[in-house]
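Trainee: Numbered according to my numbering, the sequence shown spans residues -14 to 160. Once you've had a glance at the structure underneath, I'll fire off some questions.
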Amino acid sequence: MATQNPVEQEGVYQLPEAQLDRFMMKLVVGYNTKEEELEIARRISSKSNASINAVISLAELEELKQEVAAVHMDEEIERYMIELVSATRDPAAYGLSDIADYIQFGASPRVSIDIFKAVKAMAFLRGKDYVSPVDIAYIIKEIMRHRLILSYEAEAEGVTADQLIDKIVQAVAIP
-14 MATQNPVEQE GVYQLPEAQL DRFMMKLVVG YNTKEEELEI ARRISSKSNA
36 SINAVISLAE LEELKQEVAA VHMDEEIERY MIELVSATRD PAAYGLSDIA
86 DYIQFGASPR VSIDIFKAVK AMAFLRGKDY VSPVDIAYII KEIMRHRLIL
136 SYEAEAEGVT ADQLIDKIVQ AVAIP
């Protein structure tokens, strides 16, 4: 787990692509509301020695991991996820010639592995025992956004990884 501050870059070095690829997700977190910020400030300033209490045992965590692993994923869904990853490497093959120049390097095989893991967890958290395309669409940006290496052209035109991922999801046929 790591944090990045998009505002201040002085004295901070960007992580190389190979290291970024080892992070499963990149969550984009905006500012809190004023009320949330007030509550955070109150909580932090009022407790000098906050205690941390376990909310789950190690055995319970292992059981949850097994339940997530047991979530069913149809072969068509598996192939769909591989197609989404493949479309980042060869957009033109998916009718996306218009975005091909924006992607310098597509997603690595680690993305496929992490999507498989994350969508099972997402389905489980939604109370389901199977993965659907909706689960994939819900989480794919978090898995992919930091792993697409955009071209200088994309940066110059203000094209984001999230925009490219949206186009890929729209173009790849859903099973």
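All C-beta atoms, glycine included, are put in the ideal place defined by N, C-alpha and C. Because the structure is a prediction, the values reported are computed rather than measured.
By DSSP, does residue 135 sit in helix, in strand, or in coil?
Mentor: Working through the sequence shown from its first residue, we reach residue 135 at position 150. Residue state, collapsed to three classes: strand.
Trainee: Which residue marks the beginning of the alpha helix (DSSP H) containing residue 62, and which one marks its end?
Mentor: Locating residue 62 in the sequence shown gives position 77, where the first residue counts as 1. Residue 62 -> alpha helix (DSSP H) spans 60 to 74.
Trainee: Helix, strand or coil for residue 128, going by three-state DSSP, please let me know.
Mentor: Counting from 1 along the sequence shown, the entry for residue 128 is found at position 143. Reduced to three states, the DSSP call for residue 128 is helix.
Trainee: Taking just the CA atoms, how far does residue 111 sit from residue 99?
Mentor: Within the sequence shown, the letter at position 114 stands for residue 99. Within the sequence shown, the letter at position 126 stands for residue 111. Roughly 18 Å between the two C-alpha positions.
Trainee: Do residue 70 and residue 91 have their C-beta atoms closer together than 9 Å?
Mentor: Translated into positions along the sequence shown, residue 70 becomes position 85. Translated into positions along the sequence shown, residue 91 becomes position 106. Going by C-beta atoms, residue 70 is nearer than 9 Å to residue 91.
Trainee: What do you get for residue 22, buried or exposed, if any count of 16 or more other CB atoms within 10 angstroms of its CB means buried?
Mentor: Residue 22 sits at position 37 when you count from the first residue of the sequence shown. Flag for residue 22 reads exposed.
Trainee: When we look at the beta-carbon of residue 132 and count the other beta-carbons within 10 Å, is it buried (16 or more) or exposed?
Mentor: Taking the first residue of the sequence shown as 1, we reach residue 132 at position 147. Buried.
Trainee: Please specify which runs of the alpha helix (DSSP H), each continuous and at least 4 residues long, are wholly inside the region 9 to 42, giving them in chain order.
Mentor: Qualifying alpha helix (DSSP H) stretches, in chain order: 19 to 31.
Trainee: Identify every residue that forms a DSSP beta bridge with residue 121.
Mentor: For this step, residue 121 is matched to residue 136 along the sequence shown. None, per the DSSP bridge assignment.
Trainee: Quick one: what's got a C-beta closer than 6 Å to residue 68's C-beta in the same chain, skipping five residues either side?
Mentor: Locating residue 68 in the sequence shown gives position 83, where the first residue counts as 1. Excluding positions up to five away in sequence, the list reads 157.
Trainee: Quick one: residues in its chain with C-beta nearer than 6 Å to the C-beta of residue 166, no 5 flanking neighbours on either side, listed in chain order?
Mentor: Residue 166 cannot be examined here, being either before or after the span of the chain that is shown, -14 to 160.
Trainee: Give me the Cβ distance between residue 136 and residue 88, rounded to the nearest whole Å; I'm assuming they're in contact under 8 Å.
Mentor: Looking up residue 136 in the sequence shown gives position 151. Looking up residue 88 in the sequence shown gives position 103. Right, their Cβ atoms sit about 7 Å apart.
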